[in-house]
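Student:
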Amino acid sequence: MKQKGKKISQKIIFLLFSTFFLVGLFTFKNYGISVDEEFHRSSGFYWLNYILSFTSFDELKNLVDIKINQIKGFTLPEASDNPYYGIVFDLPAALLEVILKIDDPKNYFQFRHLLNFILFFIGSIFFYKLLLNRFSNYNIALLGTLFFVLSPRIYGSSFFNNKDVVFLSLSTIALYYCFKSLEKLNYKNLFIFAIFAALATAQRVLGIFFPVSFILFYLLSVLSNNKNIKNLPNIIFFIIFYFLLLIIFWPALWSNPIENFFIAFQFFSHHYLEIRLLFNGNYIYSNFLPYDYILTWILISTPILYIILFIMGYILIFKRFFIKFINIKDNMFYYDLWRSNKEKKDFFILFNFTFIIFYLSTSEIVLYNGWRQVYFINIFIVYIATYAFYKIDLNLKLKSIKKFQFVTVLLCLLFIIYKMIIHHPYQNIYFNNFFNKNAHEKFEVDYWGLSGKKFLEYILILEKDKKLIKIGTASFLPLERSTKLLSEKDRKKISIVGQNFQDADYLYTNFISEVDKNSNDKYKIPNNFSKIDEFVLNSTIVYQVFKKNN
8 MKQKGKKISQ KIIFLLFSTF FLVGLFTFKN YGISVDEEFH RSSGFYWLNY
58 ILSFTSFDEL KNLVDIKINQ IKGFTLPEAS DNPYYGIVFD LPAALLEVIL
108 KIDDPKNYFQ FRHLLNFILF FIGSIFFYKL LLNRFSNYNI ALLGTLFFVL
158 SPRIYGSSFF NNKDVVFLSL STIALYYCFK SLEKLNYKNL FIFAIFAALA
208 TAQRVLGIFF PVSFILFYLL SVLSNNKNIK NLPNIIFFII FYFLLLIIFW
258 PALWSNPIEN FFIAFQFFSH HYLEIRLLFN GNYIYSNFLP YDYILTWILI
308 STPILYIILF IMGYILIFKR FFIKFINIKD NMFYYDLWRS NKEKKDFFIL
358 FNFTFIIFYL STSEIVLYNG WRQVYFINIF IVYIATYAFY KIDLNLKLKS
408 IKKFQFVTVL LCLLFIIYKM IIHHPYQNIY FNNFFNKNAH EKFEVDYWGL
458 SGKKFLEYIL ILEKDKKLIK IGTASFLPLE RSTKLLSEKD RKKISIVGQN
508 FQDADYLYTN FISEVDKNSN DKYKIPNNFS KIDEFVLNST IVYQVFKKNN
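Convert by adding 7 to the 1-based position in the sequence shown; the result is the number in our numbering.
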């Protein structure tokens, strides 16, 4: 009977993952281009050119040189001046673009969107494996994976975010093999963990948290049971291969691995643009964020169901850990902070989430635009939320109540799916029901600039007979990048004049500003322009369109 139930669960899982993949496959072309994508494409070619300089592939190098010379734009930073950004995604994408001879901007950006989604899809499979590894329950693992996939902001970003969601995906795979290594410290598990921990760190330096916390937990196990010292050679093996692979995967380290790594760490700790961000109705400096910045963004842009379950799960795990900690005896011989590998994994998640939030809230690291730079902590949030559901399910005795619990949560998930469909393809600007009303007045909404594509398509329909349409941008957004998702014919019809408003036929604003709009008139709409359209999504105004008066 159990075997039959297992087969049914596996078929449901296969069906849902297949549906998830097909949805992504048929919708990836719907997403706009983000402000960072051109830079990351440029970075990929810069480092591909660097690697090819050590080879004799002259023909390939010539093609890469042509691509590099074609990438231009006055708002585009030079890849050579920003050498420490991860290229785990960007370099392979650049190589495939050359090999597959993808030359039209619309095609190569959509191709990158597809690759981005595929990596997230793979990460979601490993998240399912991670939950199954911990809970040994197909239904719980599947439900937790639905929480993971149906996180609107992250799902939407999985098509165009070439760094934050890529890091999240790599971190998910790394964490799965970390769990395997926590169970069994053999060379196979440690080597695979070293590969993905190195890839995650090469993508974003914060990935070093995974190997550091893993080693810390090993040291704790030695303190509680000195027999675990026998595994020290395995740990040394892991450390050596982690750093060797990190150097291989991160070309910026090749010339001077140790010094460049610390420079990279310092670069991301102190590198910032001193701009203003709209947060809770006030413009604040990006290098002076309030302590509650991250937690507030998580609270307002995560489905309420996940937040409630997360709070319950966090309290349960923390309580269990705290009780064990205060009851540690003077004689720690054979004493553990965890009774099993499952408890050990729970504490590992709790420790990493708590420490990372504390570190980011108290350090000088600068964050921009919500919590996108720390999307990877959604792994911990969903894990802890799943833990709460699992513990509630264990404590429910009546099958009827258990079924009611599942049905209630599934209905909540159906509502989230409905919201994601309404937001499509702007799931990345999702606010939960408590905070969605007039969100644009209190928080930055379309900071990626994805709505530029929709706006340009609207203008092209509106002025289908006009040969040249001049558009001004009343916001901190390089709108010209959105033209690259148009056909070649339509691109020629659009002229972006920036803040030269009086030269424009139309003005576009998505309310994003690097200055305090209350005291700076940089993006003020001139009196001779009238509003003709606005895009409203779930009570939030995403952008407005103004036309010059005749």
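Note that the Cβ used here is the ideal one computed from N, Cα and C, for glycine as well.
Pull up the distance between the alpha-carbon of K524 and that of N435, whole angstroms please.
Tutor: Between the alpha carbons of K524 and N435 lies a distance of about 24 Å.
Student: Below 6 Å CB to CB, which residues in the same chain sit around F200 once its five sequence neighbours on both sides are set aside?
Tutor: Y184, C185 and S188
Student: Tell me, please, whether the stretch 436–449 touches the stretch 41–55 by the rule of three or more beta-carbon pairs shorter than 8 Å.
Tutor: no
Student: In this structure, does DSSP put R346 in helix, strand or coil?
Tutor: coil
Student: If you follow the alpha helix (DSSP H) that R141 is part of, which residue opens it and which one closes it?
Tutor: P112 to F142
Student: If you drop the 5 nearest sequence neighbours on each side, which residues of the same chain put their C-beta closer than 7 Å to that of D497?
Tutor: L467
Student: Nearest CA to the CA of S370: which residue from Y300, T516 and K14?
Tutor: With distances taken between Cα atoms, S370 lies closest to Y300.
Student: According to DSSP, is Y249 helix, strand or coil?
Tutor: helix
Student: Among residues of its own chain, excluding the 5 on either side of I476, which ones have a beta-carbon nearer than 8 Å to its beta-carbon?
Tutor: I466, L467, E470, K500, I501, S502, D512 and Y513
Student: How big is the Cα-Cα spacing for M339 and K234?
Tutor: The predicted position of M339 is uncertain, since its pLDDT is 48 and thus under 50; no value can be drawn from it.
Student: Using three-state DSSP, classify D540 as helix, strand or coil.
Tutor: strand
Student: When we look at the beta-carbon of P258 and count the other beta-carbons within 10 Å, is it buried (16 or more) or exposed?
Tutor: Buried is the call here.
Student: My parser needs the alpha helix (DSSP H) runs of 4 or more residues fully inside the stretch 368–446; what are they?
Tutor: 385–402 and 406–430
Student: Quick one: complete beta strand (DSSP E) runs, 3+ long, within the stretch 44–77?
Tutor: Inside the stretch 44–77, DSSP marks no whole beta strand (DSSP E) run of 3 or more residues.
Student: So, at 7 Å on beta carbons, what are the nonlocal neighbours of I198 in its own chain, with the 5 sequence-adjacent residues on each side left out?
Tutor: According to the sequence provided, residue 198 is Phe. The question's Ile does not apply to it. So the list reads F248, once near-sequence residues are dropped.
Student: Can you tell me the Cβ-Cβ gap for V172 and S164, rounded? I've got them flagged as a contact below 8 Å.
Tutor: 5 Å
Student: At a threshold of 7 Å, does A271 count as lining the ligand HEM (C-beta to nearest heavy atom)?
Tutor: Judged by which ligands are present, the structure shown has none, so any question about the ligand HEM falls away.
Student: Any chance you could list the alpha helix (DSSP H) runs of at least 4 consecutive residues sitting entirely within the stretch 211–277, in chain order?
Tutor: 216–231, 239–256 and 264–277
Student: Which residues in the same chain as L463 place their Cβ atom closer than 7 Å to its Cβ, once the five residues preceding and following it in sequence are excluded?
Tutor: S489, T490, L493 and I501
Student: What three-state label does DSSP hand G459 in the structure shown?
Tutor: helix
Student: In the structure shown, what three-state DSSP assignment does F174 receive?
Tutor: helix
Student: Answer with buried or exposed for Y341, where buried requires no fewer than 16 other C-beta atoms within 10 angstroms of its C-beta.
Tutor: Bear in mind that the predicted position of Y341 carries a pLDDT of just 45, short of 50, making it unreliable; the figure below should be weighed with that in mind. Under this definition Y341 is an exposed residue.
Student: Kindly indicate which residue of T480, T415, I423 and P533 has the alpha-carbon position closest to the one of P159.
Tutor: I423
Student: How do the stretch 227–246 and the stretch 205–215 stand: do at least 3 beta-carbon pairs fall below 8 Å, yes or no?
Tutor: Flag = no, the stretch 227–246 and the stretch 205–215 do not touch.
Student: Does the beta-carbon of S458 have 16 or more other beta-carbons within 10 angstroms, so that it is buried, or is it exposed?
Tutor: buried
Student: Tell me the rounded alpha-carbon separation between L251 and L182.
Tutor: 19 Å
Student: Taking F167 as the reference, give the member of K68, F360 and N37 with the closest Cα.
Tutor: Out of K68, F360 and N37, the CA that lies nearest to the CA of F167 is found in N37.
Student: Could you check whether D65 and E495 sit closer than 8 Å to each other, using their CB atoms as the reference points?
Tutor: Not closer than 8 Å, so no.
Student: Would you decide whether G320 is buried or exposed? Buried here means 16 or more other CB atoms lie within 10 Å of its CB.
Tutor: Buried, because 16 or more other Cβ atoms sit within 10 Å of the Cβ of G320.
Student: With a Cβ-Cβ cutoff of 8 Å, do S176 and T152 count as a contact?
Tutor: no
Student: Suppose you measure from the CA of R211 to the CA of N169; what does that come to, to the nearest Å?
Tutor: 11 Å
Student: Only counting the same chain, and skipping five residues up and downstream in sequence, which positions put a Cβ closer than 6 Å to that of D97?
Tutor: These residues qualify, in order along the chain: H47, S50 and G51.
Student: Going by beta carbon distance, what residues of the same chain come within less than 8 Å of I429, once the five residues before and after it are set aside?
Tutor: Counting only residues of its own chain and dropping the five nearest sequence neighbours on each side, I429 has a CB closer than 8 Å to the CB of L544 and N545.
Student: Could you check what DSSP says for G505 in three-state terms: helix, strand or coil?
Tutor: Of the three classes helix, strand and coil, the one that applies to G505 here is strand, per DSSP.
Student: Quick one: what does DSSP say V30 is sitting in, helix, strand or coil?
Tutor: helix
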